[in-house]
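**Q** I'd like to ask you about the structure that follows.
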Amino acid sequence: MPERLGPPRDTPLFGRVALVGLGLIGSSIARATQRLKLAGTLVAIDNSEAVVARVRDLGIADEATTDVAAGVKDADLVILCVPVGACGAVAEAMGPSLKPGCIVSDVGSVKTSVINQVQPHLPAGVHLVPAHPVAGTEHSGPDAGFATLFFNRWCILTPPEGADEAAVARVNAFWQTLGSKVEVMTAQHHDLVLAITSHVPHLIAYNIVGTAADLETVTQGEVIKFSAGGFRDFTRIAASDPTMWRDIFLHNKEAVLEMLGRLNEDIALLARAIRWGEGDKLFDLFTRTRAIRRGIISEGQETAEPDFGRRREGQ
Ligand SMILES: NC(=O)c1ccc[n+]([C@@H]2O[C@H](COP(=O)([O-])OP(=O)(O)OC[C@H]3O[C@@H](n4cnc5c(N)ncnc54)[C@H](O)[C@@H]3O)[C@@H](O)[C@H]2O)c1
Ligand SMILES: O=C(O)C(=O)C[C@]1(C(=O)O)C=C[C@@H](O)C=C1
Numbered sequence: 020m021p022e023r024l025g026p027p028r029d030t031p032l033f034g035r036v037a038l039v040g041l042g043l044i045g046s047s048i049a050r051a052t053q054r055l056k057l058a059g060t061l062v063a064i065d066n067s068e069a070v071v072a073r074v075r076d077l078g079i080a081d082e083a084t085t086d087v088a089a090g091v092k093d094a095d096l097v098i099l100c101v102p103v104g105a106c107g108a109v110a111e112a113m114g115p116s117l118k119p120g121c122i123v124s125d126v127g128s129v130k131t132s133v134i135n136q137v138q139p140h141l142p143a144g145v146h147l148v149p150a151h152p153v154a155g156t157e158h159s160g161p162d163a164g165f166a167t168l169f170f171n172r173w174c175i176l177t178p179p180e181g182a183d184e185a186a187v188a189r190v191n192a193f194w195q196t197l198g199s200k201v202e203v204m205t206a207q208h209h210d211l212v213l214a215i216t217s218h219v220p221h222l223i224a225y226n227i228v229g230t231a232a233d234l235e236t237v238t239q240g241e242v243i244k245f246s247a248g249g250f251r252d253f254t255r256i257a258a259s260d261p262t263m264w265r266d267i268f269l270h271n272k273e274a275v276l277e278m279l280g281r282l283n284e285d286i287a288l289l290a291r292a293i294r295w296g297e298g299d300k301l302f303d304l305f306t307r308t309r310a311i312r313r314g315i316i317s318e319g320q321e322t323a324e325p326d327f328g329r330r331r332e333g334q
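Quick note on this note's numbering: the sequence shown kicks off at 20 and runs consecutively.
As structure tokens, this is what we get:
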């Protein structure tokens, strides 16, 4: 599937857009927003001077600053692209500067906690429309982003009850213009679904790399040395950012622990089947789950390139 974004817009979707956090996700949004001319003015805000300097060097925003209060002033749309644990502090710092009618959104991998952190700091008349682009890589920082990251990927919106419908529609249009398919659900349901499809897989990947590394001390360094395609494919996501994933697990604790409990029950059944030589049970499970995985690929949910961590030409 050619990952091509649409033509630039004749008129921007928003006058002034402020992105807080110009890492993988923020810088990908910035690149796509510039290419598609979605913003009259694009402001990049980051608490790292080095990142702000890099954003200027890359030319992926019209303005770049470490001052969040100044950066969000007069913004029509603010998107928080920081670790989920930082959203509350950012909302507190920017709240007083937000103009009436401004839409505040985010890209956090956890939704309930972000809503609980951000909502209390938003003045009356400012609309909260949380979002989560279910797209990414194991890489971080402003150089990791690319404009087509969100193409043909899901973006989940979790507007709080009573959210302004026009604001939700505008954020929906923004993400569809970035090439995403948009789904709306409750924050609680999102956190449960992403716990099994994203969060627990990362926990297992991090964990098995640790187990293998510890085993190396037993096997004189052979475990990682002889790790082949299966181990490498399975553990790609263990190269992801520790700050981001620390925050995800601490801010989605209940759902992650629920899913881990279910997984442990299933693994216990697998261990029993192995111990008792119940080959048919193993075969049936592997047959069923392979069909499910193959179904995911046939639905086009896999990008053409399995390793989309590589930058594409023409980002
Ligand atoms: N990496 C992924 O695959 C992915 C996918 C979907 C959603 N997300 C979510 O997107 C968000 C950002 O993730 P990322 O991968 O872009 O991370 P990243 O580490 O690449 O970028 C985060 C940026 O935020 C900045 N930052 C951190 N705290 C800040 C603060 N208090 N004020 C201002 N700037 C601050 C950092 O300097 C950095 O530039 C996270 O909430 C994550 O859960 C990530
Ligand atoms: O592809 C990857 O490297 C990712 O980890 C992306 C991924 C995921 O699929 O789990 C990670 C976190 C997000 O919130 C959304 C997507």
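Built from N, CA and C at the ideal position, the CB exists for glycine as well.
Compute the minimum distance between the beta carbon of G104 and the heavy atoms of ligand 2, and state whether it is under 7 Å.
**A** As a first step, residue 104 must be located in the sequence shown, where it is residue number 85. No, since every heavy atom of ligand 2 falls outside the 7 Å radius drawn around the Cβ of G104.
**Q** Tell me whether A112 sits in a helix, a strand or coil according to DSSP, three-state version.
**A** Residue numbering aside, residue 112 sits at position 93 when the sequence shown is read from its first letter. In the structure shown, A112 sits in a helix (DSSP, three-state: H, G or I).
**Q** Less than 8 Å between the CB atoms is what I'm expecting for V148 and A186, so what's the real figure, rounded?
**A** By 1-based counting over the sequence shown, the position of residue 148 is 129. By 1-based counting over the sequence shown, the position of residue 186 is 167. Between A186 and V148 the Cβ distance is about 5 Å, and since that is below 8 Å, they are a contact.
**Q** How far does the beta strand (DSSP E) with G34 in it extend, from its first residue to its last?
**A** Position 15 of the sequence shown, counted from the first residue, corresponds to residue 34. Taken as a continuous stretch (DSSP letters only), the beta strand (DSSP E) holding G34 covers F33 to V39.
**Q** Which residues bound the alpha helix (DSSP H) around V133?
**A** Counting from 1 along the sequence shown, the entry for residue 133 is found at position 114. That run of the alpha helix (DSSP H) goes T131 to V137.
**Q** Which of the three DSSP states is assigned to D125 in this structure?
**A** On the sequence shown, residue 125 is found 106 positions in, with the first residue counted as 1. If DSSP states are grouped into helix, strand and coil, D125 belongs with the strands.
**Q** Could you check what DSSP says for E180 in three-state terms: helix, strand or coil?
**A** Taking the sequence shown and counting its residues from 1, the one referred to as residue 180 is at position 161. Note: E180 maps to coil in three-state DSSP.
**Q** Output needed for S128: all residues of its chain with C-beta closer than 7 Å, excluding positions within five of it in sequence on either side, in chain order.
**A** Here residue 128 refers to the residue found at position 109 of the sequence shown. Excluding positions up to five away in sequence, the list reads V103, H151, L213, S217 and I267.
**Q** By DSSP's criteria, P102 is part of a beta bridge. Which residues make up the other side?
**A** Numbered from 1 along the sequence shown, position 83 holds the residue referred to as residue 102. Its beta-bridge partners do not exist; DSSP assigns none.
**Q** How would you call W295, buried or exposed, if buried means at least 16 neighbouring beta carbons within 10 angstroms?
**A** The residue given as residue 295 occupies position 276 in the sequence shown. With fewer than 16 other Cβ atoms within 10 Å, it is exposed.
**Q** Would you grab the beta carbon distance between L96 and G114 for me? Rounded to a whole angstrom, and I think it's under 8 Å.
**A** Stepping through the sequence shown from its first residue, residue 96 is reached at position 77. Stepping through the sequence shown from its first residue, residue 114 is reached at position 95. No, L96 and G114 are not in contact; Cβ-Cβ is about 15 Å, not under 8 Å.
**Q** Is E284 helix, strand or coil by DSSP?
**A** If you number the sequence shown from 1, residue 284 lands on position 265. DSSP places E284 in helix when its eight states are reduced to three.
**Q** If I measure Cβ to Cβ from P325 and keep anything under 6 Å in the same chain, skipping five residues before and after, which residues do I get?
**A** Here residue 325 refers to the residue found at position 306 when the sequence shown is read from its first residue. Confidence at P325 is low in this model, with a pLDDT of 38, below 50, so the placement of that residue should be treated as unreliable; the coordinate-derived value is given next. Around P325: no qualifying Cβ.
**Q** Assess, as a yes-or-no matter, whether the stretch 62-69 is touched by the stretch 78-98 under the definition of 3 or more beta carbon pairs within less than 8 Å.
**A** Touching, yes, given that three or more Cβ pairs across the two stretches are closer than 8 Å.
**Q** Could you tell me the alpha carbon to alpha carbon distance between R73 and V39, rounded to whole angstroms?
**A** As a working mapping, residue 73 is identified with position 54 in the sequence shown. As a working mapping, residue 39 is identified with position 20 in the sequence shown. Their backbone Cα atoms lie some 15 Å apart in a straight line.
**Q** Residues bridged to K200 by DSSP?
**A** Counting from one through the sequence shown, the residue named residue 200 turns up at place 181. K200 pairs with W173.
**Q** Report all residues from its chain with a CB closer than 8 Å to the CB of V219; omit the five preceding and five following residues, and keep chain order.
**A** Residue numbering aside, residue 219 sits at position 200 when the sequence shown is read from its first letter. Excluding residues within five positions, the ones whose Cβ falls inside 8 Å are V275, M278, L279 and L282.
**Q** Examine ligand 1 and report whether any of its heavy atoms sits within less than 7 Å of the Cβ of A182.
**A** Taking the sequence shown and counting its residues from 1, one reaches residue 182 at position 163. Not under cutoff, so the answer is no.
**Q** Let me check understanding here. Comparing Cα to Cα, which of D125, V145 and A224 lies closest to I175?
**A** Reading the sequence shown from its first residue, position 156 is the one you call residue 175. Considering only alpha carbons, the answer is D125.
**Q** Where does H221 sit, in a helix, a strand or coil, going by DSSP?
**A** The sequence position of residue 221 within the sequence shown is 202, counting from 1. DSSP places H221 in helix when its eight states are reduced to three.
**Q** Which first and last residues belong to the beta strand (DSSP E) in which H140 is found?
**A** Against the sequence shown, residue 140 aligns to sequence position 121. Neither: H140 is in no beta strand (DSSP E) and is coded neither H nor E.
**Q** Quick check: what's the CA-CA separation for G229 versus I286?
**A** Translated into the one-based positions of the sequence shown, residue 229 becomes position 210. Translated into the one-based positions of the sequence shown, residue 286 becomes position 267. When rounded, the distance between both Cα atoms is 19 Å.
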